[in-house]
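Asker: Structure incoming, see below.
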Amino acid sequence: MTEASGTLSDSLSMVETLAASRAQVQDCQIAGRAWTRQYLSLAIIAFALNLISAALFIGFVNRPVFDDKYNVSDVQTYAHRGLSVATVLSHRNPPGPTSFLWMAAGVRLLGGGELRDARIANLISWVLLFVGVLFGARYGSFPQIWYSALLAALVFPHSVMAAATTLTEGPALLFAILGALTWIEAASRPTGTASSFLLILGAFSMGIAVSCRQYYLALLPAAAVFSLFRLRGQGPRENLRRLLGTVVSLCVASAPVILLIVVWRGFTSPGAAAGVSHPELGWKTHAGWNLFRPIVAAFYSCFYLVPLTLPAVWRVRTATGWLALPVASIAGILAACLGPSLLQPGPLRALVGLASRLPAGQSILIGSITALTAYNAIMMGLLIWQKRQIVLSCPPVIFALLTVVFFIVEQLGVGGNVPLYDRYLLQIAPFLGMIAFSLIPRLGFSRLLTLAIMNAAAHVILWSHVFER
9 MTEASGTLSD SLSMVETLAA SRAQVQDCQI AGRAWTRQYL SLAIIAFALN LISAALFIGF
69 VNRPVFDDKY NVSDVQTYAH RGLSVATVLS HRNPPGPTSF LWMAAGVRLL GGGELRDARI
129 ANLISWVLLF VGVLFGARYG SFPQIWYSAL LAALVFPHSV MAAATTLTEG PALLFAILGA
189 LTWIEAASRP TGTASSFLLI LGAFSMGIAV SCRQYYLALL PAAAVFSLFR LRGQGPRENL
249 RRLLGTVVSL CVASAPVILL IVVWRGFTSP GAAAGVSHPE LGWKTHAGWN LFRPIVAAFY
309 SCFYLVPLTL PAVWRVRTAT GWLALPVASI AGILAACLGP SLLQPGPLRA LVGLASRLPA
369 GQSILIGSIT ALTAYNAIMM GLLIWQKRQI VLSCPPVIFA LLTVVFFIVE QLGVGGNVPL
429 YDRYLLQIAP FLGMIAFSLI PRLGFSRLLT LAIMNAAAHV ILWSHVFER
């Protein structure tokens, strides 16, 4: 009798789990379903423009620009000597070897000029990301989330540069975004053979992303905390299954990372730790405490959230919204006092540099930009609280928030003197897009104009390198 009662209880628990999972998925889908087609249309347009621009650049500019001169050396090493402990130990650049292996594979397969072939391989990673997202959205539970993540990545100001040169963000994004979204889809469904396979596949892809760019380590603690959050309200047997699935998947994700750490005897390459990657700049990177870097990362994360939410977030009305203006003003004043130390190499610092010709122009512009960024971030925080039921019912948004938080926190352990280039934010741009478009799904004219300006800036940044000498 007791055994039968236990079986009935487990069955009821399973039914309740299924019902709860479906209800959460439906709540999340309803929030952005009306705009799914618009997100897809915009993503297709942005992808087509980026593809054409990058292809033209690869075809007509066959010389190193930006970081090509540094990255090509590692591509050549893997293309000519293959993958081995020796070649991984001779790795010069700070990012992990997998993106360089991807480009080296392109060099070996295409058999043309090394620089051009490496760039073509990089561009192919963006094509595969686009196709993968379309496929995942077609069969996934959160199509609007897949499309918004892709759209944010495509309109980001450094996206075209990453697609047309030997920067390592392309392959890293391919594995990170497809892996994370696959893992979220699997973790949001009732346990089963299919979901377990997808969970492990997505986790392995995230682990490969970390071996491309170590900043994606944020995905692993985000997945762990997300899984613990998902255990709420489940039956004991279902909790055990989910917990075991999470542990196994995170072990699989950790395998490439642990292997890289064992070979390098650390989390950065010996070459990057010794300053070999950029000898003329004297940059070195290693694991170590850095208390100021998370502040910079938080600022840039909030800064790039502005164009994804502007000006829709300003229409939000909350009871405590009046606090945003004085707090943002104080933040702006503090930033003006800090001066350029808050800014990292990239378009924003170049823009602020132009204001230095005016009396106190640099400080005023830094303070104004910081105040705007802080105000937007506070309003987004209040909006998250106001729409917490939607947030809690939407697994991808929870995962995206955790990823952004852990991306900022992990900067504490980035030692050395390598700056946090603002293009590094391209790595979390899809997660910022998932947050922005889930909370504010509407696409008005002013918001579309802002996204168009962002994408136009990406093309300008790329083609400005034509004039380099």
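First residue of the sequence shown? That's 9 in my numbering, and the numbers climb one at a time after it.
Beta carbons: idealized from backbone N, C-alpha and C, even for Gly.
Thinking C-beta only, is Phe-55 closer than 7 Å to Leu-131?
Answerer: Numbered from its first residue, the sequence shown carries residue 131 at position 123. Numbered from its first residue, the sequence shown carries residue 55 at position 47. Contact flag unset, no.
Asker: Are the beta-carbon atoms of Val-218 and Val-265 separated by less than 7 Å?
Answerer: In the sequence shown, residue 218 corresponds to position 210, counting from 1. In the sequence shown, residue 265 corresponds to position 257, counting from 1. Yes, they are a contact pair.
Asker: With respect to the beta strand (DSSP E) encompassing Thr-293, which residues constitute its N-terminal and C-terminal limits?
Answerer: Taking the sequence shown and counting its residues from 1, the one referred to as residue 293 is at position 285. 293 to 295 is the extent of the beta strand (DSSP E) around Thr-293.
Asker: Once the 5 residues before and after Glu-476 are set aside, which same chain residues still bring their CB inside 7 Å of it?
Answerer: Taking the sequence shown and counting its residues from 1, one reaches residue 476 at position 468. Excluding residues within five positions, the ones whose Cβ falls inside 7 Å are Val-73.
Asker: Write down the C-beta distance between Ala-382 and Val-335 rounded to the nearest angstrom, noting that I regard them as a contact closer than 8 Å.
Answerer: For this step, residue 382 is matched to residue 374 along the sequence shown. For this step, residue 335 is matched to residue 327 along the sequence shown. Going by Cβ atoms, the distance from Ala-382 to Val-335 rounds to 7 Å, so yes, they are a contact pair.
Asker: Hey, how far is the Cα of Thr-317 from the Cα of Pro-449?
Answerer: As a first step, residue 317 must be located in the sequence shown, where it is residue number 309. As a first step, residue 449 must be located in the sequence shown, where it is residue number 441. Their Cα atoms are separated by approximately 9 Å.
Asker: Grab me the residues of Thr-25's own chain with a C-beta within less than 8 Å of its C-beta, minus the 5 sequence neighbours each way, in chain order.
Answerer: Residue numbering aside, residue 25 sits at position 17 when the sequence shown is read from its first letter. Interpretation of Thr-25 is limited by its pLDDT of 43, a score under 50 that renders its predicted location unreliable; the figure taken from the coordinates is listed afterwards. These residues qualify, in order along the chain: Pro-198, Gln-242, Gly-243 and Glu-246.
Asker: Applying the criterion that 16 or more other CB atoms from any shown protein chain within 10 Å of the CB defines a buried residue, is Ile-88 buried or exposed?
Answerer: On the sequence shown, residue 88 is found 80 positions in, with the first residue counted as 1. Looking at the sequence provided, one finds His at residue 88 rather than Ile. His-88 comes out exposed.
Asker: As an exercise, report each continuous alpha helix (DSSP H) stretch of at least 4 residues that is fully enclosed by the region 269 to 339, in chain order.
Answerer: Counting whole runs of 4 or more residues, the region 269 to 339 contains the alpha helix (DSSP H) stretches 278 to 282 and 301 to 317.
Asker: Please name the residue or residues paired with Val-422 in a DSSP beta bridge.
Answerer: The count along the sequence shown starts at 1 and reaches residue 422 at position 414. Note: Val-422 sits in a beta bridge opposite Ala-295.
Asker: Is it right to say Pro-102 is buried, meaning 16 or more other beta carbons lie within 10 angstroms of its own, or is it exposed?
Answerer: Within the sequence shown, the letter at position 94 stands for residue 102. The residue in question, Pro-102, is buried, as its Cβ has 16 or more Cβ neighbours within 10 Å.
Asker: Find the nearest neighbour of Arg-323 within the set Tyr-78, Leu-91 and Leu-447, judged by alpha-carbon distance.
Answerer: As a position in the sequence shown, residue 323 is number 315, starting the count at 1. That would be Leu-447, whose Cα lies nearest to the Cα of Arg-323.
Asker: Below 7 Å between beta carbons: does that hold for Thr-254 and Ser-277?
Answerer: Taking the sequence shown and counting its residues from 1, one reaches residue 254 at position 246. Taking the sequence shown and counting its residues from 1, one reaches residue 277 at position 269. No, Cβ-Cβ distance for Thr-254 and Ser-277 is not below 7 Å.
Asker: For Leu-451, which of helix, strand or coil comes out of DSSP?
Answerer: Translated into positions along the sequence shown, residue 451 becomes position 443. Coil at Leu-451, not helix or strand.
Asker: Pull up the distance between the alpha-carbon of Ala-281 and that of Ala-305, whole angstroms please.
Answerer: By 1-based counting over the sequence shown, the position of residue 281 is 273. By 1-based counting over the sequence shown, the position of residue 305 is 297. Between Ala-281 and Ala-305, the C-alpha separation is close to 21 Å.
Asker: Please state the DSSP three-state secondary structure of Pro-348.
Answerer: One-based indexing of the sequence shown puts residue 348 at position 340. Helix at Pro-348.
Asker: Between which two residues does the alpha helix (DSSP H) harbouring Tyr-86 extend?
Answerer: Against the sequence shown, residue 86 aligns to sequence position 78. Taken as a continuous stretch (DSSP letters only), the alpha helix (DSSP H) holding Tyr-86 covers 76 to 89.
Asker: Between Val-69 and the rest of its own chain, which residues show a CB-CB distance below 7 Å, the 5 nearest in sequence each way excluded?
Answerer: Numbered from its first residue, the sequence shown carries residue 69 at position 61. Excluding sequence neighbours, Val-69 sits near Val-474.
Asker: Just confirm the distance between the C-beta atoms of Ala-385 and Gly-340, as a whole number of angstroms; I'd bet it's less than 8 Å.
Answerer: On the sequence shown, residue 385 is found 377 positions in, with the first residue counted as 1. On the sequence shown, residue 340 is found 332 positions in, with the first residue counted as 1. The Cβ separation is near 12 Å, so there is no contact.
Asker: DSSP on Gln-394, reduced to helix/strand/coil?
Answerer: In the sequence shown, counting from the first residue as 1, residue 394 sits at position 386. Here Gln-394 sits in helix by DSSP.
Asker: Along the chain, which unbroken stretches of the alpha helix (DSSP H) at least 4 residues long are found entirely within the region 112 to 183?
Answerer: If we require 4 residues or more, the alpha helix (DSSP H) runs fully inside the region 112 to 183 come out as 122 to 147, 151 to 163 and 167 to 172.
Asker: Our contact map puts Pro-105 next to Val-93 with C-beta atoms below 8 Å; I'd like the distance itself, whole angstroms only.
Answerer: Start at 1 with the first residue of the sequence shown, and residue 105 comes out as number 97. Start at 1 with the first residue of the sequence shown, and residue 93 comes out as number 85. Incorrect: roughly 11 Å between the Cβ atoms, too far for contact.
Asker: How would you call Phe-205, buried or exposed, if buried means at least 16 neighbouring beta carbons within 10 angstroms?
Answerer: Start at 1 with the first residue of the sequence shown, and residue 205 comes out as number 197. Counting Cβ neighbours within 10 Å, Phe-205 comes out exposed, since fewer than 16 surround it.
Asker: Taking the alpha-carbon of Leu-470 as reference, which of Thr-173, Arg-100 and Leu-420 has the nearest alpha-carbon?
Answerer: By 1-based counting over the sequence shown, the position of residue 470 is 462. When only C-alpha atoms are compared, the closest one is Thr-173.
Asker: Along the chain, which unbroken stretches of the alpha helix (DSSP H) at least 4 residues long are found entirely within the region 209 to 262?
Answerer: With a minimum length of 4 residues, the continuous alpha helix (DSSP H) runs that stay inside the region 209 to 262 are 227 to 238.
Asker: Per DSSP, what kind of secondary structure is Tyr-47 in: helix, strand or coil?
Answerer: Along the sequence shown, one-based indexing puts residue 47 at 39. Correct three-state label for Tyr-47: helix.
Asker: Is it a yes or a no for the region 165 to 179 touching the region 127 to 143, going by three-plus beta-carbon pairs under 8 Å?
Answerer: Touching, per the Cβ criterion.
Asker: Roughly how many angstroms lie between the CA atoms of Asn-463 and Leu-333, to the nearest whole one?
Answerer: Counted from its first residue, the sequence shown places residue 463 at position 455. Counted from its first residue, the sequence shown places residue 333 at position 325. Distance between the alpha carbons of Asn-463 and Leu-333 is about 29 Å.
Asker: Is the region 138 to 145 close to the region 395 to 411, with three or more CB pairs under 8 Å?
Answerer: The region 138 to 145, when compared against the region 395 to 411, does not touch it at the 8 Å Cβ threshold.
Asker: Give me, in chain order, the residues of the same chain whose beta-carbon lies closer than 7 Å to that of Leu-258; leave out the 5 immediate sequence neighbours on both sides.
Answerer: On the sequence shown, residue 258 is found 250 positions in, with the first residue counted as 1. Cβ within range, chain order: Ala-211, Leu-228, Ala-231 and Ala-232.
Asker: Going by other Cβ atoms of all chains shown within 10 Å of its Cβ, with 16 needed for buried, is Ile-185 buried or exposed?
Answerer: As a position in the sequence shown, residue 185 is number 177, starting the count at 1. Its Cβ being crowded by 16 or more others within 10 Å, Ile-185 is buried.
Asker: For Tyr-383, name the three-state secondary structure that DSSP assigns.
Answerer: Counting from one through the sequence shown, the residue named residue 383 turns up at place 375. Of the three classes helix, strand and coil, the one that applies to Tyr-383 here is helix, per DSSP.
Asker: For Asn-70, which of helix, strand or coil comes out of DSSP?
Answerer: Your numbering for residue 70 matches position 62 in the sequence shown. Reduced to three states, the DSSP call for Asn-70 is coil.
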